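These notes concern the structure reproduced below.
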Amino acid sequence: MNSFRALTTLFLAGVCVLAAAPALATAEGRCGDPAERPWCKPSLSPDRRADLLLGQMTDSEKVSLLGGDELTGVLGGQGTHTGTMDGVPRLGIPRIYLSDGPAGVRSGQATALPSPIALGATFDRHAARQDAAVIADEVIRKGNDIVFAPTVDIVRTPLAGRVFEALGGEDPFLSTSLAVPWIKSAEGKGLIATVKHYLGNNQEGTGPKANEAMPGNPAISIGTFATVGKRGEIDARIDQRTMREMYLPMFEAAVKQAGVEAVMCAYNKVNGPWACENKTLLENILRKQWGFKGMTIADYGATHDTGASLRNGLDIEPWPGVDYGTAAITAALAGGSASMADVDRHVQRYLRTLFASGAMDREAFPADEDSIDRGGNAAKPAAIAEKGIVLLKNRRGILPLNRGKLDSIAVIGPVADRYFTGGGSSEIDPFQTTTALAGITKQAGSGVDVGFNDGADPAQAAQLAGDSDVAVVVVGSWSSEGIDRACLSLECPSFLGDQDALIREVAAANRNTVVVIESGGPILTPWRNQVGAILEAWYPGSNGGTAIGRILFGKADASGRLPVTFPRKESDIPTYGEPSAYPGVDDVVKYKEGVFVGYRRYDRRKIKPAYEFGRGLSYAKFRFSKLKLKRHGPKLAVKARVSNVGKRAGVAVPQLYLGLPSTNVKQPPRALKGFARISLKRGKGRQVKFTVDKRGLSFWNAGKNRWQVAKGCYRVYVGASSRKLPLRGKFGIGRKCR
Ligand code: BGC
63 MNSFRALTTL FLAGVCVLAA APALATAEGR CGDPAERPWC KPSLSPDRRA
113 DLLLGQMTDS EKVSLLGGDE LTGVLGGQGT HTGTMDGVPR LGIPRIYLSD
163 GPAGVRSGQA TALPSPIALG ATFDRHAARQ DAAVIADEVI RKGNDIVFAP
213 TVDIVRTPLA GRVFEALGGE DPFLSTSLAV PWIKSAEGKG LIATVKHYLG
263 NNQEGTGPKA NEAMPGNPAI SIGTFATVGK RGEIDARIDQ RTMREMYLPM
313 FEAAVKQAGV EAVMCAYNKV NGPWACENKT LLENILRKQW GFKGMTIADY
363 GATHDTGASL RNGLDIEPWP GVDYGTAAIT AALAGGSASM ADVDRHVQRY
413 LRTLFASGAM DREAFPADED SIDRGGNAAK PAAIAEKGIV LLKNRRGILP
463 LNRGKLDSIA VIGPVADRYF TGGGSSEIDP FQTTTALAGI TKQAGSGVDV
513 GFNDGADPAQ AAQLAGDSDV AVVVVGSWSS EGIDRACLSL ECPSFLGDQD
563 ALIREVAAAN RNTVVVIESG GPILTPWRNQ VGAILEAWYP GSNGGTAIGR
613 ILFGKADASG RLPVTFPRKE SDIPTYGEPS AYPGVDDVVK YKEGVFVGYR
663 RYDRRKIKPA YEFGRGLSYA KFRFSKLKLK RHGPKLAVKA RVSNVGKRAG
713 VAVPQLYLGL PSTNVKQPPR ALKGFARISL KRGKGRQVKF TVDKRGLSFW
763 NAGKNRWQVA KGCYRVYVGA SSRKLPLRGK FGIGRKCR
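Numbering follows my numbering, in which position 316 of the sequence shown is assigned residue number 378; successive positions increment by one, without gaps.
Listed below in structure tokens is the structure:
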């Protein structure tokens, strides 16, 4: 967003305080009687219906349809919608309501799901379906037709403000594997899902004030804290191969496998043109190459030029509805920068999407907050959070805690007794919360004394720790849309004080110190050798404390796996020390690292991370054996056996990685191509099967502009993480493997 737009937004934010009653969903009639309105016949194809309806519209009705009609709902007030699109009642085109987002509904209170990266850490397609089902249920019960989710941006730098929103962390296969069931689940409920942000929105921007950012300041999410490399000003320069292999696969799968109905274009430019006026992205790749038939939606304030967007593939601008407002479109038509045929095309796609999604053939979803099953829905985020909590370290089995052997626990830290989450458009105001302190207290039961200290005075906290059997330090790392983190340590941003020092003091006072991290993504863990155990709980949602308590006390196995690499030091971050790669120079961000993003880069450079991609300990112990490989035509079948050789039941997440042969095109040493999540009782084993399709064996040949199966020797790895790969095999394509 440029500063003028930011100011406009600020102004609008001010206006909202004075604004009259917010727009409420009303049950308007939908399509109508097919006898009078032939386009209302459900037996006709969505395209045919849209064409028929388009044919009945006047030019001014068409022009009025493409821009949003409501300004203040974006602020998230109770009873509002993130956006509304007025219809044409004369023809039965309904008013359509739009809602954020990826962690729950952002209008009034809602159930806060764990942040999407926590869902990523579950490595569980079923959890993705459940997550979407809860969000869709509340989006619908608040009267909306469209949900702005999921977010499938790849974690290119762990400093990025929206890492917590990135469903699959740094890996396109993981992201795709979870985004597809998420979308199917949400659309299966009758919603239109919106996969975002297309494309290259992998940073928010930084600036001298980045470290002062803190929750509750609306100036952050609209970008006034970011001055360098701002999302609304940069040009993401991404080469074709990198785009195809790392940043496009989620969108492609959303279209081809999930049948997503909407795609949100991003704030930034991509290789020149703004994402929302980018013909290569919006028309050539999305529609011509992938066959997308739904609609493209501009991110909020991401449009720049009415004519350019109309010509190049943007269908609707939901907010602020200025560039696609009646006045701007009329002016663009009069000035010749767009034609009525352009308008027709976008209206047709909008209508087609409404028909295809079933939105025209049902009544409006009534906005009925009271019908939300708050209690029932509350249990679900806790169950998802539980699956996504990652046990990074467990010295001599200090966890799980055994309440029969404990007299006292010190719970310490600034976020232990509060609901903590990231900022921006996926920040949810929860119906109710369970904090870590509450969750731990519940599990500790009556026989264990639970003391609390917020850590503001580390000496006092250390004293409590020293007087207790176990110390649990719950630390927070806040991140937000609108601003990247100034550094990767717990001190960025700074408002929670020196939590690294707090951990060190507590650990010095009690060797049974467990650190629970509530963060949006990777942080530095310089104290990791001083503490007994570390749990990464992400932003765990409404009832995250329940999940934290259950994992600490072993009510459930620790079963999350890292969807992102935790570096040992900041200078190991792939873009470190390369301003032209991040945050960009003169608003140009060069994706110089190419496909070597995240663990692909650590592996290639042989850099040891603190905690590697895919890592997550279990309270059980697993052994991998019996690797079998078989080629079926263009596909590869991989089988392996996983056995629980530990002392209790647990959840294994076997992972398959492939190393493609490096020719003149350099390949990452390994990339994730399969995973499973299986519960195994003590002493039990099971065979897991993975199938890698032709695409999984291919790389993007930039010279030929197509996917190509590499010829040569492929390396196959199966194991517990990207660095714990006990099973190894190889096979050749077009060439023998030596
Ligand atoms: C975000 C989108 C979001 C929209 C509406 C934008 O700032 O980038 O992800 O859906 O706001 O809240």
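Cβ coordinates follow ideal geometry from the N, Cα and C atoms, glycine included. Computed from a predicted model, the values in this text were never measured in an experiment.
Report back the beta-carbon spacing between residue i and residue j to the nearest angstrom; my notes put them in contact at under 8 Å.
i	j	result
Arg777	Gly721	4 Å
Gly375	Leu344	3 Å
Phe628	Pro588	Going by Cβ atoms, the distance from Phe628 to Pro588 rounds to 12 Å, so no, they are not a contact pair.
Gln505	Lys617	7 Å
Ile296	Val651	5 Å
Gly622	Val452	4 Å
Lys455	Arg590	6 Å
Val593	Thr575	5 Å
Ser169	Phe226	With 8 Å as the limit, Ser169 and Phe226 do not qualify as a contact, their Cβ atoms being about 20 Å apart.
Leu115	Leu413	5 Å
Gly145	Pro428	Their Cβ separation, rounded to whole angstroms, is 19 Å, which puts Gly145 and Pro428 out of contact at 8 Å.
Ala498	Val536	5 Å
Ala180	Tyr601	7 Å
Thr358	Asp377	5 Å
Asp361	Tyr309	Between Tyr309 and Asp361 the Cβ distance is about 16 Å, and since that is not below 8 Å, they are no contact.
Ala599	Ile610	5 Å
Asp113	Gln410	7 Å
Leu463	Val532	6 Å
Ordered along the chain, which non-local residues of its own chain (more than five positions away) have a Cβ less than 7 Å from that of residue i?
i	result
Ile282	Ala275, Gly485, Ser542, Gly544 and Ile545
Leu175	Ala165, Gly166, Asp193, Val196, Ile197, Pro443, Ile446 and Gly603
Lys803	Residue 803 falls outside the range modelled here, since the chain spans only 63 to 800, and no answer is possible.
Pro84	Residue placement at Pro84 cannot be trusted, given a pLDDT of 36 that sits under 50; what the coordinates show is reported in the next sentence. If we look at Pro84 and ignore the five residues flanking it on each side, its Cβ neighbours are Thr134, Gly135, Gly139, Gly141 and Thr142.
Gln522	Asn515
Phe287	Gly269, Lys271, Ala272, Ala275, Ala281, Gly544 and Ile545
Ser530	Ser470, Ile471, Ala472, Gly513 and Asn572
Asp423	Arg92, Cys93 and Pro104
Glu123	Val150
Leaving out the 5 sequence neighbours to the left and right, which residues in its chain are closer than 8 Å to residue i when beta-carbon positions are compared?
i	result
Ala418	Pro108, Glu323, Lys355 and Gly356
Ala241	Ala190, Pro212, Val214, Leu229, Gly230, Val257, Met312, Ala315, Ala316 and Ala320
Lys103	Pro96 and Arg111
Ser783	Arg623, Leu624, Glu674, Phe675, Gly676, Arg677, Gly678 and Gln717
Ala370	Pro335, Trp336, Glu339 and Ser399
Phe793	Leu691, Arg693, Leu698, Cys775, Tyr776, Val778 and Cys799
Leaving aside the five residues before and after residue i along the sequence, list all residues of the same chain whose C-beta is less than 6 Å from its C-beta, in chain order.
i	result
Gly758	Lys735
Leu526	Ala472, Gly513 and Asn515
Ser237	Val214, Leu229, Gly230 and Met312
Gly117	none
Pro243	Arg187, Ala190 and Arg191
Ala390	Thr368
Met63	Residue confidence for Met63 is low, a pLDDT of 35 falling below 50, so the modelled location carries little weight and cannot support an answer.
Asn346	none
Arg547	Leu221, Ser541 and Cys554
Gln171	Asp491 and Phe493
Gly387	Gly129
How do the region 672–684 and the region 313–320 stand: do at least 3 beta-carbon pairs fall below 8 Å, yes or no?
-> no
Touching by the beta-carbon criterion (3+ pairs, under 8 Å), the region 486–496 and the region 551–560 | no
Looking at C-beta atoms only, is the number of pairs between the region 196–203 and the region 241–253 that lie closer than 8 Å three or more?
-> yes
Please go through the region 563–644 and give each complete alpha helix (DSSP H) segment of 4 or more residues, from N-terminal end onward.
-> 606–614
Take every Cβ of the region 367–384, pair it with every Cβ of the region 124–134, and state whether three or more of those distances are shorter than 8 Å.
-> yes
Sequence ranges, beta strand (DSSP E) only - wholly within the region 308–392, length at least 3 | 324–327 and 357–360
With contact counted as at least three CB pairs below 8 Å, one residue from each stretch, are the region 632–651 and the region 561–572 in contact?
-> no
Residue ranges of each alpha helix (DSSP H) run of no fewer than 4 residues wholly in the region 432–520, ordered along the chain?
-> 436–450 and 498–506
Residue ranges of each alpha helix (DSSP H) run of no fewer than 4 residues wholly in the region 671–726, ordered along the chain?
-> none
Cβ contact (3+ pairs, closer than 8 Å) linking the region 778–796 and the region 677–691 = yes
Counting only runs that start and end within the region 234–274, where is the alpha helix (DSSP H) found for 4 or more residues in a row?
-> 234–250
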